[in-house]
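Chains as they are written, first to last, in our numbering: chain A, 1 to 196; chain B, 1 to 923. Worksheet for the structure shown next.
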Ligand code: SF4
Ligand code: SF4
Ligand code: FES
Ligand code: FES
């Protein structure tokens, strides 16, 4: 457990830039990006000392920062894996099989949801809607989204990561971003930008 | 022009006042709409989260939450449409899904269950979710979050009303949960036990622990309730005692002018002292042949080593007889009395009248001498009135708030909530104190100056005001005198010169001086840090000069406010418990005034001012005073250099102590008269805001204990006075004859209204909150600016005694601890004496936290445990004076301020030592 926490000079500099974006007296608005900076600096999780530090930096009551940090699943309040696998299990993803995806991840990592692998490399958690429901089910690993998953796809992604590779991000099926599977299904007769 | 909004509520045309919600209008019209997350109590903003209050608005697709929705002109609202009712029922059914069964659901009579009953929901079709288990880690409060409905009221209570920022709603979705700090058990959190959350919670998830059984189910139901006032501090919070079988079950806050329902830990959880088995329940007489020694101790649970029981007849005869004997042999000057700032106005008045007319002396004083005597001296000299010019709630209208030499979050906790709210609203909060404190977090400016350097800092501020022309020329010309002398005097006190003296950079001094002087409205609050000093009067003079030169007085949000300590120190002083003055501060040495009082009291009066608290102690040791009557005060604990004081009490030929416990002072008594605790009597008290409030008898006195006012009357009769008061209201009526300050305030009015502020212009009008808008009650009608001399402490530190000892109070304990050490919850939270030291000093002294250390001064030595306290500056030791087992006042210096005669409790030279051979304390 880290009993003390301080932003590194570079990170503090970055934090100050963010704070400066807001009018005086409104520095609390910077809480989310600064928590993110703190978490990146601290092995991907936020100890109590970091929350207290951020609270002080922003002149907020510690409890208010704790509320924010505990609300968003992107903040880890206990040690997380260096790589954190976050599976969305909110209704749309759930209806599309997120439970199975989660189980596949558990199996591939050899840990239960909420745990971290022995070597600290991977952690697994269940999170609320990440705003990519159109490509449900999905998961976030680090800064990347992996979408349109099935258990096999999820397993493959994790195995690739374990082997040090870089799996394809975004949708895992034949589809462009969030366009309909197999290509556009509406507005197909219109043509744009062809000078017509 | 009318700003009201006309709309239709259930077919009836109604008008809403600006800002009123649909719920409030409906309530006013007699329709109570179900509500859970909304509380109509003052300062609770609607949150609109539970949806129990839905109503139908014609033309709108969805229902609206009436608690937060404001009506618009012409709107047609139906509060009881089928759709609205069905929706509200659904809310209750959903919430009920994971509630425990009503009978074991912690509080079967909670607002939640009563509303569920009214909307006819008793079971739920929905599955329950997992809920948290009980948390009984706090001595005073039971937490059972399985009953929580996430209404957020406790969060608003803790964050917005009391501004303690302990509770939050952590997590998200179905994991959302009420947490204390970082999801700590409540008892380990930074909770200050104000109990606001308990009072707000509508479900029984948060309850006073005295109301629940071991299974966390509420068992305590009051059979009656009595409205009164809290007996602890000068804030004067209004309370309601909840009583069952003549025992206090718990206490709730009431909407008084000083507290708007709020309370602190003492007012809410500190009342079981009245039922403590150590309460005195029969008169005691000292056993023959038991000598008095200064170092003697008596066990209050077993007084029979020193005392024997007596009948009232015998005890009163002995008490009055002893006083009479001394009077007859040596004259009235051989007697003295200490009255109490803890009793009622009526008791204080009777007590001083007894000493003046029965003893025939002005040797009557009380603990005001130990707290604000110097502030009173400076205020009387400067503005002709010792009371506050504005209530502390005036900070609502202030732009700049200075709090100096005060620690309100501990000593005036409910006043502090108003300061914190003001700071949140955007007022500049400037805290000046050698010790850091909880208010620091809310302060825009924290000036942690060097101890004893108040005059240096404040004169430097005055220097800036003069040099930069920040004074209010018009105000100065119209309402002050002696301006030029002050201007001349502060010339030398430049911020540059004073910065090294007080430890605050010159620019910082300039900045706060400018802020204070230029703001639309600035108000100053001060406490014992200013007054308890040998130059306390000078300290206060500076504050008065700040306000008078800048005209920051007599307007909304501006003023001078010494935060009075005891619940009734204002009232007891007003009533004349002061050696120099009769009631309403009329000099005893003025022949004309004296003859007026002689007429009313029908006796000759002593023309010389009497002795003050510390002077009386010295006069006892000098053999001049031989007998004393002490009512409700504990000078053996509260006087400086307490050992010296204890020697004096041991030396008295005759000492009568009237109290509710066998206090440290009563150890030396010849007769002990068991008296009434505050909840056992009727009487008025006056708080720091000049609000006279009604205290009501709620409980019987234990055993044969009697009312204090009756006992004073019995002693008076024993001294041959023909007193015949039948009730405190008779006394109040007499007080009105000699106290113009009580004009238009009658006992009946107080019974009716509970509180009236003085001065009050008419029987049917409220009193004046803000006074002195147009001059002062001095001879010239002007305020006098008095230059303050800058001098050193009475006892500077040296090689032998290198640390500064400062004393004070703690949130949980009152004064000498006679009451709070016997209040189970309070003593459980702070059970033992402590000395607070800076974390920087511990390694240097080779001391570990928790270790027992020795603290000595030239007057005495005590041993107690160390607590690390980041608020204490290096080189200082802070000791609360409430612990008899390590009484801080054995150490303090009795040197006095020459004008206020107040001792220097805040500064003396001390030595802190490790006790050799002490095992390393457990970490
Ligand atoms: S008792 Fe007071 S300080 Fe403690 S959690 Fe409740 S509201 Fe906050
Ligand atoms: S504990 Fe009580 S007041 Fe707080 S959210 Fe739960 S039900 Fe509401
Ligand atoms: S529900 Fe999974 S991303 Fe929205
Ligand atoms: S009472 Fe109106 S939403 Fe809760």
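Even glycine gets a Cβ: it sits at the ideal position worked out from N, Cα and C.
Check                                                                                                                                                                                 : Outcome
Could you compute how far the alpha carbon of residue 13/B sits from the alpha carbon of residue 117/B?                                                                               : 30 Å
Just the C-alpha distance for residue 263/B and residue 418/B, rounded to the nearest angstrom, thanks.                                                                               : 12 Å
Using the DSSP secondary-structure output, state which residues sit across from residue 144/B in a beta bridge.                                                                       : 134/B
Going along the chain, which residues of its own chain have a beta-carbon closer than 7 Å to the beta-carbon of residue 711/B, five neighbours each way excluded?                     : 658, 673 and 675
Please compile the residues from chain A whose C-beta is within a distance smaller than 7 Å of the C-beta of residue 195/B.                                                           : Chain A residues near residue 195/B: none, gap ~18 Å exceeds 7 Å.
Could you give the distance in angstroms between the alpha-carbon of residue 55/B and the alpha-carbon of residue 770/B?                                                              : 43 Å
Counting only runs that start and end within the stretch 625–671 of chain B, where is the alpha helix (DSSP H) found for 4 or more residues in a row?                                 : 635–638 and 642–651
Would residue 366/B and residue 633/B be called neighbours here (beta carbons separated by less than 8 Å)?                                                                            : yes
Which value, in whole angstroms, describes the spacing of the CA atoms of residue 18/B and residue 5/B?                                                                               : 7 Å
Beta-carbon within less than 6 Å of residue 499/B's beta-carbon, same chain only, minus the 5 sequence neighbours each way: which residues are those?                                 : 505 and 506
Output the residue ranges of the alpha helix (DSSP H) runs that lie fully inside the stretch 355–396 of chain B and measure 4 residues or longer, sorted by chain position.           : 368–371 and 373–383
Can you tell me which of the three DSSP states residue 542/B falls into?                                                                                                              : helix
Along the chain, where does the alpha helix (DSSP H) containing residue 93/A start, and where does it finish?                                                                         : 91–95
Got a sec: does ligand 2 put a non-hydrogen atom nearer than 7 Å to the Cβ of residue 556/B?                                                                                          : no
DSSP on residue 117/A, reduced to helix/strand/coil?                                                                                                                                  : coil
Could you tell me whether any non-hydrogen atom of ligand 1 is closer than 7 Å to the CB of residue 167/B?                                                                            : yes
In angstroms with no decimal places, state the Cα-to-Cα distance between residue 104/A and residue 156/A.                                                                             : 10 Å
Taking a contact to mean a Cβ-Cβ separation below 8 Å, would you say residue 383/B touches residue 772/B in this structure?                                                           : yes
By Cβ distance, which residues of its chain are closer than 7 Å to residue 202/A, with the 5 residues on each side in sequence left out?                                              : For chain A, the structure presents residues 1 to 196; residue 202/A sits outside this window and is missing.
Closer than 8 Å, CB to CB, is residue 169/B near chain A or not?                                                                                                                      : yes
Could you give the residue range of the alpha helix (DSSP H) that holds residue 748/B?                                                                                                : 747–753
Where does residue 218/B sit, in a helix, a strand or coil, going by DSSP?                                                                                                            : strand
Can you list the residues of chain A that residue 173/B reaches, using a CB-CB cut of under 8 Å?                                                                                      : 128
Assuming residue 469/B and residue 716/B make a contact with CB atoms under 8 Å, what is their CB distance in whole Å?                                                                : Their Cβ separation, rounded to whole angstroms, is 59 Å, which puts residue 469/B and residue 716/B out of contact at 8 Å.
Considering only the alpha carbon of each residue, which of 701/B, 610/B, 520/B and 722/B lies closest to residue 398/B?                                                              : 520/B
Kindly indicate if chain A contains any beta-carbon less than 8 Å away from that of residue 135/B.                                                                                    : no
Give a yes or no on whether the C-beta atoms belonging to residue 568/B and residue 686/B are separated by under 8 Å.                                                                 : yes
Relative to the C-alpha of residue 4/A, which candidate in 51/A, 141/A and 189/A has its C-alpha closest?                                                                             : 51/A
For the beta strand (DSSP E) containing residue 934/B, list its first residue and its last residue.                                                                                   : Here chain B has residues from 1 to 923 only, and residue 934/B is not among them.
Count the other C-beta atoms from every protein chain shown that fall within 10 angstroms of the C-beta of residue 485/B, then say buried if there are 16 or more, exposed otherwise. : exposed
Buried or exposed: residue 428/B, going by 16 or more other Cβ atoms within 10 Å of its Cβ?                                                                                           : buried
Hey, quick one: how far does the alpha helix (DSSP H) through residue 96/B stretch, first residue to last?                                                                            : 82–96
What is the rounded straight-line gap between the Cα of residue 115/B and the Cα of residue 34/B?                                                                                     : 6 Å
Are any of the Cβ atoms in chain A nearer than 8 Å to that of residue 419/B?                                                                                                          : no
Since residue 228/B sits in a beta bridge, which residues does DSSP pair it with?                                                                                                     : 239/B
If we count the other Cβ atoms within 10 Å of its Cβ and call it buried at 16 or more, is residue 847/B buried or exposed?                                                            : buried
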